[in-house]
Amino acid sequence: MGKLTKEEFKDYLKKVRALAEGPFEEMQKEVEVTNKFPEEFFELARENNLYRYALPEEYGGWGFSEKEI
Numbered sequence: 000m001g002k003l004t005k006e007e008f009k010d011y012l013k014k015v016r017a018l019a020e021g022p023f024e025e026m027q028k029e030v031e032v033t034n035k036f037p038e039e040f041f042e043l044a045r046e047n048n049l050y051r052y053a054l055p056e057e058y059g060g061w062g063f064s065e066k067e068i
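Per numbering that gives the first Met the number 0: the sequence shown = residues 0 to 68.
Now the structure itself:
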């Protein structure tokens with residue numbers, strides 16, 4: 000897929016913020032009590048490409064460098 004355009008990256012960051020302020024914030028309470036992330040956290044992270052920014056392009060990621068992140 001390659002790297003995102005600036006506009007696509009802005010949209011991606013909006014999605015990340017919505018997750019952080021929505022379902023992830025709710026899950027934080029469970030994490031604080033159980034000291035474990037619920038499976039739903041990982042499912043949402045995968046569904047919303049939260050790992051792709053750091054993966055190399057040859058593995059289906061966006062290949063961002065540490066500086067770009």
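Positions of the beta carbon are idealized from the N, C-alpha and C atoms, including for glycine.
Beta carbon of residue i nearer than 8 Å to that of residue j
i   : j   : result
K14 : N47 : yes
F41 : M26 : no
Enclosing alpha helix (DSSP H) for residue i [first to last residue]
i   : result
T33 : 22–33
L43 : 38–46
Residue from the options whose Cα sits closest to the Cα of residue i
i   : options            : result
T4  : Y52, E57, E65, Y58 : Y52
E65 : G59, Y58, L54      : L54
R16 : E31, W61, F63, A44 : A44
C-beta neighbour in chain D for residue i, strict 8 Å
i   : result
E42 : In the structure shown, chain D cannot be found, because there is only a single protein chain.
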